[in-house]
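Chemist:
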Amino acid sequence: MSTTGTVKWFNGSKHYGFIAPDGGGRDVFVHRSALRHSGLAELQDGARVSFDLTQDAEHAFAANLVLLEAQADTKAPAETEAQAETGAHANV
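Here it is as structure tokens:
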């Protein structure tokens with residue numbers, strides 16, 4: 008069953024981080040291997056994700072992660088000053 012949450016932090020050099028589940032409760036551990044298995048290269052703090060809560064004999068952790076919204080800013084580039092001054096606009 009999928010759960011949704013927000014990445015609290017992910018440390019790329021330490022290869023792990025934590026997700027705060029939307030329903031509250033304990034933060035969920037996420038390891039870099041879960042990202043690779045999900046086809047993700049990294050997680051940014053604040054990213055919204057869907058994941059399966061998995062448990063082994065000792066720990067609960069996130070698996071099968073899916074980004075719910077783009078991590079990168081996908082807005083169109085702003086006009087340059089020259090374009091704004093001359094009234095020229097990029098063809099989009």
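For reference, each letter of the sequence shown is one residue, going 8 to 99 in our numbering. No residue lacks a Cβ here, since even glycine has one placed at the ideal position from N, Cα and C. Source: prediction; values computed, not measured.
Report buried or exposed for G30, applying the criterion of at least 16 other Cβ atoms within 10 angstroms of its Cβ.
Modeler: Result: exposed.
Chemist: Can you give the beta carbon distance from H38 to F68, rounded, assuming they're within the 8 Å contact cut?
Modeler: Indeed, because the Cβ distance is near 7 Å, the residues count as touching under 8 Å.
Chemist: Looking only at its chain, what residues have a beta carbon closer than 6 Å to the beta carbon of L50, apart from the 5 residues adjacent to it on each side?
Modeler: Closer than 6 Å at the Cβ level, and outside the excluded window around L50, lie V14 and F17.
Chemist: Quick check: what's the CA-CA separation for T87 versus T61?
Modeler: Its pLDDT being 48, under 50, T87 is placed unreliably by the model, and nothing is read from it.
Chemist: Just the C-alpha distance for S45 and G24, rounded to the nearest angstrom, thanks.
Modeler: So the two alpha carbons sit approximately 15 Å from each other.
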